[in-house]
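Asker: Structure below; questions to follow.
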Amino acid sequence: MANTVKMPALGESVTEGTVTRWLKEVGETVEVDEPLLEVSTDKVDTEIPSPYSGVLQEILAEEDDDVEVGGDLAVIGDGEGSGDSADDDSADEEEAEEPEAEEPEADEEPEDDAAEKEDEAPAAKSDDKPSGGSGESQEITMPALGESVTEGTVTRWLKEVGDTVEVDEPLLEVSTDKVDTEIPSPVAGTVLELLAEEDDDVEVGAPLARIGDGDASASDDKQDDADDADQADEADNAEEADQADEADVEEEAIEESEKDLSKEEPKNAPASESTASDDEAQTAAAKQAAGESSSAPSRSAESASSAAQTVTSGQAPYVTPLVRKLAREKGVDLSTVRGTGVGGRIRKQDVLAAQSTASASAPAASAPAGREPFVIEVSEEAKKLRGTTQKASRIRRTIAQRMRESLQNSAQLTQVTEVDMTAVSALRKAKKEEFQQKHGVKLTYLPFFAKAVAEALQAYPRVNATFDVEAGEISYPDSENLGIAVDTERGLLVPVVKNAGDLSIAGLAKAIDDVASKTRDGKISPDLLSGGTFTITNIGSFGALFDTPIINHPEVGILGTGAIKRRPQVVTTEDGTEAIAIRDMAYLPLTYNHELVDGADAGRFLKAIKNRLENGSFEADLDL
1 MANTVKMPAL GESVTEGTVT RWLKEVGETV EVDEPLLEVS TDKVDTEIPS PYSGVLQEIL
61 AEEDDDVEVG GDLAVIGDGE GSGDSADDDS ADEEEAEEPE AEEPEADEEP EDDAAEKEDE
121 APAAKSDDKP SGGSGESQEI TMPALGESVT EGTVTRWLKE VGDTVEVDEP LLEVSTDKVD
181 TEIPSPVAGT VLELLAEEDD DVEVGAPLAR IGDGDASASD DKQDDADDAD QADEADNAEE
241 ADQADEADVE EEAIEESEKD LSKEEPKNAP ASESTASDDE AQTAAAKQAA GESSSAPSRS
301 AESASSAAQT VTSGQAPYVT PLVRKLAREK GVDLSTVRGT GVGGRIRKQD VLAAQSTASA
361 SAPAASAPAG REPFVIEVSE EAKKLRGTTQ KASRIRRTIA QRMRESLQNS AQLTQVTEVD
421 MTAVSALRKA KKEEFQQKHG VKLTYLPFFA KAVAEALQAY PRVNATFDVE AGEISYPDSE
481 NLGIAVDTER GLLVPVVKNA GDLSIAGLAK AIDDVASKTR DGKISPDLLS GGTFTITNIG
541 SFGALFDTPI INHPEVGILG TGAIKRRPQV VTTEDGTEAI AIRDMAYLPL TYNHELVDGA
601 DAGRFLKAIK NRLENGSFEA DLDL
């Protein structure tokens, strides 16, 4: 029975997703909940698990295809067949007869046998396989990847036709307006057909691929009759005799390994070859197996061990974006790492183990003879981009569109204030170790900024509002939902900390760490990438003092937090005299929509934040 995998709903406003990468290929097996493909939406990049187990018989949406929610992604079945068995037999026999035209002396007698077997084969199959062809594969469809996402782009297939796939094993990568993600296979089986190519836009619910049990493939419409034991037994003796006759002719072209392959029973032949019903067809199949075995291993061998296939083929095993990032950070060459995961997949533990091995064997570096001139290091990835033209990812195109729309739809103005962070710095220095021990997260400056902003938004709700110019309406939300700008490999994303006004410093630190980690790892849910009322962007993470950030429309404000620097300042002492002291200073630029927020409103809002931070009385909010 074939099952169609649909694009699931991945968020409130997501109507489509983009297939960024298939983690399984046609012909591969997949288990329930095994990653099948990666999908990107306006809100998130995520893996789509397979809702079924079986064989990927057909991929209905290629990588980069945009698929609407509910659209077909793939077909998953048991892989026993995808077409009419009798028709497939006839086609196979016709193909098998062609190369034997050179041997007319052997044609007459086998033709009679072939006619008899052709009549017997459909009857045997109708008894053994009443379910027939196309019902034996399952269609994988583009899942819903967010509330407003209606399609996704297939960026990369992680499995090829003929590969086996398990349930929840990554099948492909998909990119949407918001995120790049892996789509897991909803079923186990063999990838039979890829229905969406890389860079194809697939609507949610549209087909991506077909998965079956490996005995049927819609891509070449050929039926493997190895499951019919009676027919295999009848053809076995004729096959061996014909192969012996052909051995002298093929001797120079066939290696020892190829001879072994040509003598295998039909059930061990490559999935792309058909087992003919007559003596000549068996000979042709054996000759074809011998001629092709040097360039392509049998599908049965490939299905037996994906990890072994990866090593022998020289192709890099599949790794998730998180593992690729970790490998870059640790300086590990993934081509030298043997994966221990499903299908030879490289896991985080494999990278760390490879790093430990390399570190133990590396000789101690000699001390530099003298100071060398500083040179900006250029990564290999950056070198490869020089002189090339690359297609922009879906998330990059979405970011560009949103930034342009924000500037076109709002009157943006930036106001900057300077804040003395000395009191906060002293509190953080004194409590950061105790804080981390109790709460399990580091105490950074960002939760202090977030706390001050949330309180200021409650005091000045206009900065937390939205303005519908056409309707002439101002909407004031009942909560402070802080968007936190996060830099990822895919681009800038803004996950949201909901109800930030109700959280303490400890609660904010945990929430910010959680959404930031999930966003960088591509595990953030679509609901946490929408619903923000105000955004904070840490522009000081690389030492920048201030910036003019762009509003995340339809919000009306965004605050940048500049780098904290120690600078000499004029301060007033307790006795009223002035003195010069070294203080921890930071600039806070606020960009606001002047259609709703006046300059005085922005000034009062910034002053409230400044006073709260400079006072530094956050001890109770640390929850220690």
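Residue numbers for the sequence shown follow the UniProt record's numbering, so the first one is 1 and each next one is one higher.
Glycine residues also receive a C-beta, built at the ideal position from the N, C-alpha and C atoms.
(1) Quick one: what's P49 bridged to in DSSP?
(2) Is it a yes or a no for the stretch 45-61 touching the stretch 190-198, going by three-plus beta-carbon pairs under 8 Å?
(3) Where does the unbroken beta strand (DSSP E) through T190 begin, and where does it stop?
(4) Could you pull out every unbroken beta strand (DSSP E) segment of at least 3 residues lying fully inside the stretch 557-599, listed in chain order?
(5) If we count the other Cβ atoms within 10 Å of its Cβ and call it buried at 16 or more, is Y476 buried or exposed?
(6) What separation, rounded to the nearest whole angstrom, lies between the Cα atoms of K523 and D468?
(7) Looking only at its chain, what residues have a beta carbon closer than 7 Å to the beta carbon of A579, apart from the 5 residues adjacent to it on each side?
(8) To the nearest angstrom, report how far apart Q309 and K159 are at their CA atoms.
(9) Is N611 helix, strand or coil when you go by DSSP?
(10) Alpha carbon to alpha carbon, how far is A61 from G83? Give it in angstroms, no decimals.
(11) The alpha helix (DSSP H) spanning V424 covers which residue range?
(12) What do you reckon, are the CB atoms on A454 and G507 nearer than 8 Å?
(13) State buried or exposed for P568, treating a residue as buried only when at least 16 other CB atoms are found within 10 Å of its CB.
(14) Going straight from the alpha carbon of E31 to that of R402, what length do you get?
(15) Return yes when the Cβ of E377 is within less than 8 Å of the Cβ of residue 652, no when it is not.
(16) Roughly how many angstroms separate the alpha carbons of P184 and A450, rounded to a whole number?
(17) Looking at the secondary structure, which residues open and close the beta strand (DSSP E) in which A400 lies?
(18) Kindly indicate which three-state DSSP category T537 falls into: helix, strand or coil?
(19) Looking at C-alpha atoms only, which residue of A602, N552 and D42 is the closest neighbour of Q408?
(20) Which of the three DSSP states is assigned to T336 in this structure?
(21) By the three-class DSSP mapping on this structure, what secondary structure does E28 have?
(22) In the DSSP output, what is N3 paired with across the bridge?
(23) Starting from the C-beta of D547, find all residues in its chain whose C-beta is less than 7 Å away, skip the five residues before and the five after it, and write them out in chain order.
(24) Do the stretch 488-502 and the stretch 606-613 make contact, defined as three or more Cβ pairs closer than 8 Å?
(25) Tell whether a beta-carbon distance below 8 Å holds between P49 and D33.
(26) According to DSSP, simplified to helix, strand and coil, what is D487?
Answerer: Quick answer:
(1) P35
(2) yes
(3) G189 to L194
(4) 557-560, 565-572 and 578-593
(5) exposed
(6) 32 Å
(7) V571 and T573
(8) At Q309, the pLDDT of 44 sits below 50, so the modelled position is not reliable and the matter cannot be decided from this model.
(9) helix
(10) Low confidence applies to G83: its pLDDT is 43, below 50, so where it sits in the model is not reliable, and the reading given next is rough at best. Distance between the alpha carbons of G83 and A61: 21 Å.
(11) T422 to H439
(12) no
(13) exposed
(14) 38 Å
(15) The shown model of the chain, from 1 to 624, leaves out residue 652, and the question about it has no answer.
(16) 36 Å
(17) Segment R394 to N409 is the alpha helix (DSSP H) holding A400; no beta strand (DSSP E) there.
(18) strand
(19) N552
(20) helix
(21) coil
(22) I76
(23) I539, G560 and P589
(24) no
(25) yes
(26) strand
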